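Residue numbers (this note's numbering): 382 to 440. Below is one structure, written out as structure tokens, with a few remarks after it.
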Amino acid sequence: MSATARSSRSGDAGMSTAEYAVGTVAAVGFAAVLYAVINSSATRTMLANLVKQALSVPF
């Protein structure tokens, strides 16, 4: 039996509005945490040091 046939028989046609809302809030929260981490001074220093090391490697 195909997945679409099973889905239509069980009455589960997809996510509801509440599930979309919870997913959106979770995604926004994750984005906010990621933004805070990327913009922290420790991360900037680490990335700057990484770039300096990469540019100073002899060929």
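The C-beta atom is built at its ideal place from N, Cα and C for all residues, glycine as well. Predicted model only: the values in this text are computed from it and were never measured.
**OP:** Whole angstroms is fine: what's the gap from Val432's alpha carbon to Ala408's?
**Re:** Cα to Cα, Val432 sits roughly 30 Å from Ala408.
Original post:
According to DSSP, is Val414 helix, strand or coil?
Top reply: Helix.
**OP:** Specify the secondary structure class of Ser422 as computed by DSSP and reduced to three states.
**Re:** Helix.
Original post:
Would DSSP call Val438 helix, strand or coil?
Top reply: DSSP, reduced to helix, strand and coil, places Val438 outside both helices and strands of the structure shown, so it counts as coil.
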